[in-house]
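Novice: Following this message is one structure expressed as C-alpha coordinates.
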Amino acid sequence: MSAPAAALPRPSAARLGRLLIVIPLLGASLAALYFLWARDAPLFAVDDVRVEGIGRSAPGGEQLRRSLIESGREMTTLHVRSDLLREAAARFPLVASVSAEADFPDGLTVRVVERRPVAVLGDGADAVVVAGDGTLLRGLAVEEGELPALSAANAPRRERLAGPRLGEAQILGAAPDALLSHVDGVATDSGGPVVTLANGIELLFGTPWRAAEKWRAAAAVLADPGLTALDYVDLSSPHRVAVGGAGHYLPVVP
(Lines of atoms letter the chains of each structure in order from A and count residues from 1; the text may use other names and numbers.)
(Lines give C-alpha, C1' and ligand atoms only; values in the text may rest on other atoms or scores of the structure.)
Protein backbone atom coordinates (compact mmCIF):
# COMPACT_ATOMS: atom_id res chain seq x y z
CA MET A 1 0.00 0.00 0.00
CA SER A 2 1.49 3.37 -1.10
CA ALA A 3 1.98 6.13 1.44
CA PRO A 4 -0.42 9.09 1.16
CA ALA A 5 0.98 12.17 -0.62
CA ALA A 6 2.21 14.83 1.72
CA ALA A 7 0.02 17.96 1.77
CA LEU A 8 1.69 21.16 0.55
CA PRO A 9 2.10 23.77 3.26
CA ARG A 10 -0.41 26.58 2.94
CA PRO A 11 1.09 30.10 2.81
CA SER A 12 0.48 32.09 5.91
CA ALA A 13 -1.77 35.15 5.87
CA ALA A 14 1.25 37.35 6.62
CA ARG A 15 3.14 35.98 3.59
CA LEU A 16 0.13 36.56 1.33
CA GLY A 17 -0.17 40.10 2.61
CA ARG A 18 3.48 40.79 1.81
CA LEU A 19 3.05 39.38 -1.70
CA LEU A 20 0.02 41.58 -2.28
CA ILE A 21 2.17 44.60 -1.39
CA VAL A 22 5.38 43.64 -3.19
CA ILE A 23 3.88 42.58 -6.55
CA PRO A 24 2.10 45.94 -7.27
CA LEU A 25 5.21 47.86 -6.16
CA LEU A 26 7.39 45.77 -8.45
CA GLY A 27 4.99 46.37 -11.34
CA ALA A 28 4.94 50.12 -10.67
CA SER A 29 8.75 50.23 -10.53
CA LEU A 30 9.07 48.39 -13.85
CA ALA A 31 6.52 50.71 -15.44
CA ALA A 32 8.40 53.78 -14.15
CA LEU A 33 11.70 52.44 -15.51
CA TYR A 34 10.08 51.79 -18.88
CA PHE A 35 8.63 55.31 -19.01
CA LEU A 36 11.99 56.87 -18.10
CA TRP A 37 13.55 54.94 -20.98
CA ALA A 38 10.75 55.55 -23.48
CA ARG A 39 10.26 59.28 -22.87
CA ASP A 40 13.64 60.10 -24.42
CA ALA A 41 13.46 57.44 -27.14
CA PRO A 42 14.09 58.60 -30.74
CA LEU A 43 10.66 57.28 -31.65
CA PHE A 44 9.10 60.28 -29.85
CA ALA A 45 11.66 62.92 -30.91
CA VAL A 46 10.23 66.36 -31.70
CA ASP A 47 10.61 67.25 -35.36
CA ASP A 48 7.96 69.93 -35.99
CA VAL A 49 8.11 72.99 -33.69
CA ARG A 50 5.55 75.78 -34.00
CA VAL A 51 6.13 79.05 -32.10
CA GLU A 52 3.22 81.37 -31.26
CA GLY A 53 2.99 84.78 -29.57
CA ILE A 54 6.06 86.62 -30.89
CA GLY A 55 5.03 90.04 -32.22
CA ARG A 56 6.28 91.26 -35.58
CA SER A 57 8.02 94.26 -34.00
CA ALA A 58 9.66 92.24 -31.21
CA PRO A 59 13.39 93.04 -31.04
CA GLY A 60 15.33 89.89 -31.86
CA GLY A 61 12.08 88.11 -32.68
CA GLU A 62 13.58 85.88 -35.38
CA GLN A 63 16.54 84.98 -33.17
CA LEU A 64 14.13 84.09 -30.37
CA ARG A 65 12.05 81.96 -32.71
CA ARG A 66 15.12 80.06 -33.95
CA SER A 67 16.38 79.57 -30.40
CA LEU A 68 13.06 78.13 -29.26
CA ILE A 69 12.85 75.85 -32.28
CA GLU A 70 16.37 74.51 -31.64
CA SER A 71 15.53 73.89 -27.98
CA GLY A 72 12.26 72.19 -28.90
CA ARG A 73 14.05 69.76 -31.21
CA GLU A 74 16.17 68.59 -28.27
CA MET A 75 13.02 67.18 -26.64
CA THR A 76 10.56 64.37 -27.18
CA THR A 77 6.78 64.56 -27.06
CA LEU A 78 6.94 62.47 -23.87
CA HIS A 79 9.51 64.76 -22.26
CA VAL A 80 8.80 68.46 -22.75
CA ARG A 81 11.50 70.42 -20.92
CA SER A 82 10.32 73.87 -19.82
CA ASP A 83 13.78 74.62 -18.40
CA LEU A 84 15.32 74.51 -21.89
CA LEU A 85 12.67 76.90 -23.21
CA ARG A 86 13.24 79.35 -20.34
CA GLU A 87 16.99 79.27 -20.99
CA ALA A 88 16.42 79.95 -24.69
CA ALA A 89 14.17 82.95 -23.90
CA ALA A 90 16.27 84.38 -21.04
CA ARG A 91 18.22 86.72 -23.36
CA PHE A 92 15.04 88.41 -24.60
CA PRO A 93 13.55 90.84 -22.03
CA LEU A 94 10.32 91.16 -23.98
CA VAL A 95 9.42 87.56 -23.03
CA ALA A 96 7.37 87.35 -19.83
CA SER A 97 6.84 83.57 -19.94
CA VAL A 98 7.12 80.61 -22.29
CA SER A 99 5.33 77.26 -22.26
CA ALA A 100 4.92 74.29 -24.58
CA GLU A 101 2.45 71.54 -25.40
CA ALA A 102 3.29 68.28 -27.15
CA ASP A 103 1.44 67.26 -30.30
CA PHE A 104 1.91 63.54 -30.90
CA PRO A 105 3.69 61.93 -32.54
CA ASP A 106 6.44 64.49 -33.29
CA GLY A 107 5.01 68.02 -32.87
CA LEU A 108 5.51 70.74 -30.27
CA THR A 109 3.68 74.06 -29.91
CA VAL A 110 5.63 76.74 -28.00
CA ARG A 111 3.62 79.70 -26.70
CA VAL A 112 5.34 82.97 -25.82
CA VAL A 113 3.73 85.63 -23.62
CA GLU A 114 5.30 89.04 -24.16
CA ARG A 115 5.61 91.79 -21.60
CA ARG A 116 3.30 94.73 -22.19
CA PRO A 117 5.04 98.04 -23.05
CA VAL A 118 3.53 100.83 -20.95
CA ALA A 119 5.95 103.77 -20.87
CA VAL A 120 9.06 105.40 -22.27
CA LEU A 121 12.10 106.45 -20.28
CA GLY A 122 14.39 109.14 -21.71
CA ASP A 123 14.23 111.15 -24.93
CA GLY A 124 15.17 110.78 -28.58
CA ALA A 125 17.73 108.14 -29.48
CA ASP A 126 18.30 107.36 -25.79
CA ALA A 127 14.64 106.53 -25.11
CA VAL A 128 13.96 103.05 -23.74
CA VAL A 129 10.56 101.35 -23.61
CA VAL A 130 9.49 100.06 -20.18
CA ALA A 131 7.21 97.12 -19.39
CA GLY A 132 4.58 97.09 -16.67
CA ASP A 133 6.84 95.12 -14.31
CA GLY A 134 9.68 97.64 -14.70
CA THR A 135 11.71 95.59 -17.22
CA LEU A 136 13.57 97.73 -19.74
CA LEU A 137 12.70 96.58 -23.27
CA ARG A 138 15.85 97.78 -24.99
CA GLY A 139 15.66 97.74 -28.76
CA LEU A 140 11.87 97.97 -28.93
CA ALA A 141 10.85 100.92 -31.09
CA VAL A 142 7.66 102.94 -30.63
CA GLU A 143 6.32 106.06 -32.28
CA GLU A 144 6.95 109.33 -30.44
CA GLY A 145 4.05 110.06 -28.10
CA GLU A 146 2.66 106.54 -28.43
CA LEU A 147 3.44 105.72 -24.78
CA PRO A 148 3.44 107.93 -21.66
CA ALA A 149 6.71 109.10 -20.16
CA LEU A 150 8.22 108.24 -16.79
CA SER A 151 9.70 111.02 -14.73
CA ALA A 152 13.39 110.00 -14.95
CA ALA A 153 15.45 111.60 -17.70
CA ASN A 154 17.69 108.65 -18.53
CA ALA A 155 17.42 104.86 -18.39
CA PRO A 156 19.59 103.06 -15.80
CA ARG A 157 22.22 100.54 -16.83
CA ARG A 158 20.45 97.66 -15.10
CA GLU A 159 17.72 95.67 -16.81
CA ARG A 160 14.89 96.56 -14.42
CA LEU A 161 13.78 99.74 -12.72
CA ALA A 162 13.88 100.19 -8.96
CA GLY A 163 12.51 102.61 -6.38
CA PRO A 164 9.94 105.24 -7.40
CA ARG A 165 10.41 104.56 -11.15
CA LEU A 166 9.47 100.92 -10.60
CA GLY A 167 6.31 102.01 -8.79
CA GLU A 168 5.40 104.32 -11.69
CA ALA A 169 5.85 101.50 -14.21
CA GLN A 170 3.73 99.14 -12.08
CA ILE A 171 0.93 101.70 -11.92
CA LEU A 172 0.91 102.09 -15.70
CA GLY A 173 1.13 98.32 -16.06
CA ALA A 174 -2.17 97.99 -14.19
CA ALA A 175 -3.94 100.56 -16.39
CA PRO A 176 -6.58 99.31 -18.84
CA ASP A 177 -5.77 100.05 -22.48
CA ALA A 178 -8.67 102.49 -22.76
CA LEU A 179 -7.19 104.69 -20.02
CA LEU A 180 -3.50 104.15 -20.77
CA SER A 181 -4.04 105.74 -24.16
CA HIS A 182 -5.11 108.97 -22.36
CA VAL A 183 -2.04 109.11 -20.08
CA ASP A 184 0.58 111.74 -20.82
CA GLY A 185 3.05 110.81 -18.08
CA VAL A 186 3.63 109.88 -14.46
CA ALA A 187 5.86 111.38 -11.79
CA THR A 188 6.39 110.90 -8.08
CA ASP A 189 6.28 113.77 -5.59
CA SER A 190 6.08 113.90 -1.80
CA GLY A 191 2.49 112.62 -1.95
CA GLY A 192 3.35 109.63 -4.12
CA PRO A 193 2.87 108.80 -7.82
CA VAL A 194 0.78 111.24 -9.89
CA VAL A 195 -0.53 110.19 -13.30
CA THR A 196 -1.26 113.13 -15.61
CA LEU A 197 -3.80 112.61 -18.38
CA ALA A 198 -3.34 114.27 -21.74
CA ASN A 199 -6.08 116.81 -20.95
CA GLY A 200 -4.34 117.88 -17.70
CA ILE A 201 -6.36 115.95 -15.10
CA GLU A 202 -4.18 114.44 -12.38
CA LEU A 203 -4.78 111.04 -10.83
CA LEU A 204 -3.25 110.90 -7.33
CA PHE A 205 -2.37 107.28 -6.55
CA GLY A 206 -0.66 107.71 -3.18
CA THR A 207 1.19 104.39 -3.59
CA PRO A 208 1.36 101.71 -6.32
CA TRP A 209 -0.46 99.32 -3.98
CA ARG A 210 -3.87 98.14 -5.29
CA ALA A 211 -3.17 99.95 -8.56
CA ALA A 212 -5.70 97.94 -10.59
CA GLU A 213 -8.43 98.74 -8.08
CA LYS A 214 -7.52 102.43 -8.21
CA TRP A 215 -7.72 102.43 -12.00
CA ARG A 216 -11.22 100.95 -11.80
CA ALA A 217 -12.19 103.73 -9.41
CA ALA A 218 -10.69 106.34 -11.77
CA ALA A 219 -12.61 104.88 -14.71
CA ALA A 220 -15.86 105.12 -12.74
CA VAL A 221 -15.22 108.79 -11.97
CA LEU A 222 -14.30 109.66 -15.55
CA ALA A 223 -17.44 107.91 -16.81
CA ASP A 224 -19.75 109.69 -14.33
CA PRO A 225 -22.35 111.56 -16.41
CA GLY A 226 -22.78 114.04 -13.56
CA LEU A 227 -19.22 115.32 -13.96
CA THR A 228 -18.07 117.44 -16.88
CA ALA A 229 -14.80 118.95 -15.61
CA LEU A 230 -12.32 118.59 -12.75
CA ASP A 231 -8.64 119.01 -11.91
CA TYR A 232 -7.72 115.91 -9.91
CA VAL A 233 -8.94 112.55 -8.67
CA ASP A 234 -7.53 111.38 -5.34
CA LEU A 235 -7.31 107.58 -5.50
CA SER A 236 -5.25 107.06 -2.35
CA SER A 237 -8.17 105.11 -0.92
CA PRO A 238 -10.04 103.53 -3.87
CA HIS A 239 -13.18 103.08 -1.80
CA ARG A 240 -13.26 106.78 -0.83
CA VAL A 241 -12.34 108.64 -3.98
CA ALA A 242 -12.16 112.43 -3.80
CA VAL A 243 -12.30 114.86 -6.71
CA GLY A 244 -11.60 118.54 -6.95
CA GLY A 245 -11.39 121.52 -9.27
CA ALA A 246 -13.20 122.21 -12.51
CA GLY A 247 -10.45 123.39 -14.87
CA HIS A 248 -10.19 120.40 -17.23
CA TYR A 249 -12.87 118.67 -19.23
CA LEU A 250 -13.18 114.93 -18.80
CA PRO A 251 -11.78 112.76 -21.61
CA VAL A 252 -14.07 110.53 -23.60
CA VAL A 253 -13.26 107.00 -22.40
CA PRO A 254 -14.86 104.00 -24.15
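Per the numbering used here, the very first residue in the sequence shown carries number 1482; after that it's consecutive.
A virtual CB, placed ideally from N, CA and C, is assigned to each residue, including glycine.
The structure presented is a predicted model; accordingly, all values stated were derived computationally and were not measured.
Jot down the residue ranges of each uninterrupted alpha helix (DSSP H) in the region 1530–1599, minimum 4 residues, whole runs only, in chain order.
Specialist: 1542–1553, 1563–1570
Novice: Is the Cβ-Cβ distance between VAL1576 and VAL1591 less than 8 Å?
Specialist: Indexing the sequence shown from 1 puts residue 1576 at position 95. Indexing the sequence shown from 1 puts residue 1591 at position 110. Result no, Cβ atoms of VAL1576 and VAL1591 do not sit closer than 8 Å.
Novice: Specify whether the region 1692–1706 and the region 1717–1729 touch according to this definition: at least 3 beta carbon pairs, one from each stretch, less than 8 Å apart.
Specialist: yes
Novice: Among residues of its own chain, excluding the 5 on either side of VAL1535, which ones have a beta-carbon nearer than 8 Å to its beta-carbon?
Specialist: Reading the sequence shown from its first residue, position 54 is the one you call residue 1535. Note on identity: in this sequence residue 1535 is Ile, with Val being the wrong assignment. Hits under 8 Å: GLY1542, LEU1545, ARG1546, VAL1593, GLU1595.
Novice: Have a look at GLY1648, PRO1629, LEU1731, GLU1551 and flag the residue whose alpha-carbon is nearest the alpha-carbon of ARG1691.
Specialist: Here residue 1691 refers to the residue found at position 210 of the sequence shown. Measuring from the Cα of ARG1691, the nearest candidate turns out to be GLY1648.
Novice: Quick check: the region 1597–1604 against the region 1560–1570, are at least 3 beta-carbon pairs closer than 8 Å?
Specialist: no
Novice: Are VAL1532 and ARG1554 close, meaning C-beta to C-beta below 8 Å?
Specialist: Taking the first residue of the sequence shown as 1, we reach residue 1532 at position 51. Taking the first residue of the sequence shown as 1, we reach residue 1554 at position 73. Cβ atoms of VAL1532 and ARG1554: not closer than 8 Å.
Novice: In the DSSP assignment, find the alpha helix (DSSP H) that holds ASP1658 and state where it starts and stops.
Specialist: Along the sequence shown, one-based indexing puts residue 1658 at 177. 1658–1661 is the span of the alpha helix (DSSP H), which, as asked, contains ASP1658.
Novice: For the candidate residues VAL1561, SER1563, ALA1622, ALA1710, whose alpha-carbon lies nearest to that of ILE1682?
Specialist: What you label residue 1682 is simply residue 201 of the sequence shown in a count that begins at 1. That would be ALA1710, whose Cα lies nearest to the Cα of ILE1682.
Novice: Considering only C-alpha positions, which residue in the set LEU1708, VAL1667, ASN1680, VAL1611 is nearest to THR1688?
Specialist: Taking the first residue of the sequence shown as position 1, residue 1688 is located at position 207. That would be VAL1667, whose Cα lies nearest to the Cα of THR1688.
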